[in-house]
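To keep things clear, I will list the structure first and then write my remarks on it.
Number of protein chains: 2
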Amino acid sequence: MKVLTKHTDYAVRALISLGMKSGSWVSAKAVSEEQAIPYQFLRRILQELIKNGLVLSKEGAGGGVMLGKDPDTIRVKDVIEIFQGQVQVSECMFRKQLCSNRANCVLRHEIMRIEQLVNDEFSKVTVGKLISDLKRVQVLSEPKL
Amino acid sequence: MKVLTKHTDYAVRALISLGMKSGSWVSAKAVSEEQAIPYQFLRRILQELIKNGLVLSKEGAGGGVMLGKDPDTIRVKDVIEIFQGQVQVSECMFRKQLCSNRANCVLRHEIMRIEQLVNDEFSKVTVGKLISDLKRVQVLSEPKL
DNA sequence: ATTAACTGATACTAACTTAGTATCAGAACA
DNA sequence: TGTTCTGATACTAAGTTAGTATCAGTTAAT
Numbered sequence: 025m026k027v028l029t030k031h032t033d034y035a036v037r038a039l040i041s042l043g044m045k046s047g048s049w050v051s052a053k054a055v056s057e058e059q060a061i062p063y064q065f066l067r068r069i070l071q072e073l074i075k076n077g078l079v080l081s082k083e084g085a086g087g088g089v090m091l092g093k094d095p096d097t098i099r100v101k102d103v104i105e106i107f108q109g110q111v112q113v114s115e116c117m118f119r120k121q122l123c124s125n126r127a128n129c130v131l132r133h134e135i136m137r138i139e140q141l142v143n144d145e146f147s148k149v150t151v152g153k154l155i156s157d158l159k160r161v162q163v164l165s166e167p168k169l
Numbered sequence: 025m026k027v028l029t030k031h032t033d034y035a036v037r038a039l040i041s042l043g044m045k046s047g048s049w050v051s052a053k054a055v056s057e058e059q060a061i062p063y064q065f066l067r068r069i070l071q072e073l074i075k076n077g078l079v080l081s082k083e084g085a086g087g088g089v090m091l092g093k094d095p096d097t098i099r100v101k102d103v104i105e106i107f108q109g110q111v112q113v114s115e116c117m118f119r120k121q122l123c124s125n126r127a128n129c130v131l132r133h134e135i136m137r138i139e140q141l142v143n144d145e146f147s148k149v150t151v152g153k154l155i156s157d158l159k160r161v162q163v164l165s166e167p168k169l
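Same order as they appear, the protein sequences are chains A and B.
Numbered according to the working numbering, the first sequence spans residues 25 to 169.
Numbered according to the working numbering, the second sequence spans residues 25 to 169.
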C-alpha cells in the first residue's frame, strides 16, 4: 500500500525548493538538479502544478518557474489530489449508490472515518510548514563555529 | 488514491460472512454467491487467507472454509498487509538508508506520522467489530411487527 | 538577427499492478 | 464412482506508474 506516488513526492519537493527561493524565476533544470528529479518527468509535473495555479511560469531565457501562492496556503492534500485524485475507498462511493449489501456498509463506514482522518492530516501539512521544519533542521545540524 | 483494492475488500467481506456462520464449513461458492464476489477470484483470495492462518479449509464434498481465529483477533490491518503489503511512504524506507536530502526528510517525517495513524486505526477495526456493527444495523432496520 | 536558454504541448514506452478467468489434479462424502 | 469440494498454478486485459523524447514557440542577451 503506497501512500505517495513519485509524482506527488517530486511535486512537493519541487514546491519546497521553489518556496525557499521565492520571488525569483528558477528553471526546471535547476530544480531537477538540486532535487535529483529526472528532468523531463519534472517538466510534466511542473506543468500540472502551473495548470492548477500552484506555480507560475515565464517562458524564454531567464524564465522559469516560481511559487504562485503563499506557501502556507499550499497543502500537501492539494498536491495529492492533483496527482492521485481524492482519497477514496472504492468506486461505488462516487456513483453515490447504496451499497449492495450491509457487510459492505459497515466496512465502508470504518474506512470513510479513516479516510477523513487522513484528509484532515494531509490538509494540516502545508509547503510553508515543511519549509519552516526544514529550516529548523538545518539550524540544528549546523556545526558551531 | 485508492485505499483498498478489491482483494482486501472481498477478503474482509468474506471473513465477515464466515464469521457469522462460525463452526460450520461453508463453500467458496456459497460465499461467492452471497457476497457477489467472482468465484475464481474469491478462491484465490481464500487460499491466501488459508495460507496466512486466518481461515481453515476442508477438502472434498461437504468441505469448505471456516474462520481460523476468533473474529476479534482478525484486524483489517492484517488483511491489508496480506494483499497490499505494509503501508509505506516510499521504497527508501525499506532500504533503511538515509534520505538523499533534507527536503525529503521533512516530508517523510510528516507522512510517517500519518502512516502510523492509519496503521493504528486499521488495527482497531477487527472482523469481530464489523460483525457486531453489522448486527446492530440489522436490528435497527428490522420492521416492527 | 541569431543563438542559447527557457516553457508548452504532446506522443511514446517498459514495467508493474489490478482484477479477473480457466484448468487440472486430488480429497472426501454419499 | 460420481459429485462436490479445495490445492495449485497458468493465463489475460486493462490500467497505472515512472519515465523518455520531440518539436514548437518565447524571451533575453550578443
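A virtual CB, placed ideally from N, CA and C, is assigned to each residue, including glycine.
Listing by chain order, which chain A residues have their CB less than 7 Å from the CB of residue i?
| i | result |
| --- | --- |
| K26 of chain B | Q112 |
| V142 of chain B | I138 and V142 |
Could you have a look at residue i and say whether DSSP puts it in helix, strand or coil?
| i | result |
| --- | --- |
| S81 of chain B | strand |
| V149 of chain A | coil |
| Q110 of chain B | coil |
| V89 of chain A | strand |
| K26 of chain B | strand |
| M117 of chain B | With a pLDDT of only 41 at M117 of chain B, under the threshold of 50, the placement of this residue in the model should not be trusted; the figure read from the coordinates follows. The answer is helix: DSSP assigns M117 of chain B an H, G or I state. |
| L164 of chain B | helix |
| L122 of chain B | Because L122 of chain B sits at a pLDDT of 46, beneath the cut-off of 50, its placement in the model cannot be relied upon, and the following sentence gives the value as read from the coordinates. Of the three classes helix, strand and coil, the one that applies to L122 of chain B here is coil, per DSSP. |
In chain order, what residues of the same chain have a beta carbon less than 8 Å from the beta carbon of residue i, not counting five sequence neighbours either side?
| i | result |
| --- | --- |
| Y63 of chain A | A52, K53 and S56 |
| K93 of chain B | G77 and L78 |
| W49 of chain B | K82, G86, G87, G88, V89 and M90 |
| E58 of chain B | S41 |
| L80 of chain B | I74, V89, M90, L91 and G92 |
| V27 of chain B | none |
Please go through the same chain and pick out, in chain order, the residues whose beta-carbon is closer than 6 Å to the beta-carbon of residue i, but skip the five residues on each side of it.
| i | result |
| --- | --- |
| R99 of chain A | S147 and T150 |
| R67 of chain B | A52 |
| L154 of chain A | I40 |
For residue i, which residues in chain B fall below 7 Å Cβ to Cβ?
| i | result |
| --- | --- |
| D157 of chain A | V130 |
| V149 of chain A | E134 |
| Q108 of chain A | M25 |
Write down the C-beta distance between residue i and residue j rounded to the nearest angstrom, noting that I regard them as a contact closer than 8 Å.
| i | j | result |
| --- | --- | --- |
| M25 of chain A | V111 of chain B | 5 Å |
| G152 of chain B | D96 of chain B | 4 Å |
| I61 of chain A | Y34 of chain A | 5 Å |
| E145 of chain A | L141 of chain B | 7 Å |
Might you give, ordered along the chain, the residues of its own chain that have their beta carbon closer than 7 Å to the beta carbon of residue i, omitting 5 neighbours on each side?
| i | result |
| --- | --- |
| T29 of chain B | F107 and Q108 |
| V163 of chain B | none |
| K101 of chain B | N143, F146 and S147 |
| T32 of chain A | V103, I104, F107 and Q108 |
| M44 of chain A | I155 |
| L70 of chain B | A38, A52, V79 and V89 |
Note down, in chain order, every chain B residue with its Cβ under 8 Å from the Cβ of residue i.
| i | result |
| --- | --- |
| F146 of chain A | I138 |
| L154 of chain A | A127, V130, L131 and E134 |
Whose Cβ in chain A lies nearer than 8 Å to the Cβ of residue i?
| i | result |
| --- | --- |
| I61 of chain B | Simply none; closest approach about 11 Å. |
Report the neighbours of residue i on chain A: residues whose CB is nearer than 9 Å to its CB, in chain order.
| i | result |
| --- | --- |
| I104 of chain B | M25 |
Could you tell me whether any non-hydrogen atom of the ligand ZN is closer than 7 Å to the CB of residue i?
| i | result |
| --- | --- |
| L73 of chain B | This structure lacks the ligand ZN; in fact it carries no ligand of any kind. |
Item to complete: Check whether the segment 153 to 168 of chain A touches the segment 39 to 50 of chain A, counting contact only when three or more Cβ pairs, one atom from each stretch, lie closer than 8 Å.
Response: Short answer: they touch.
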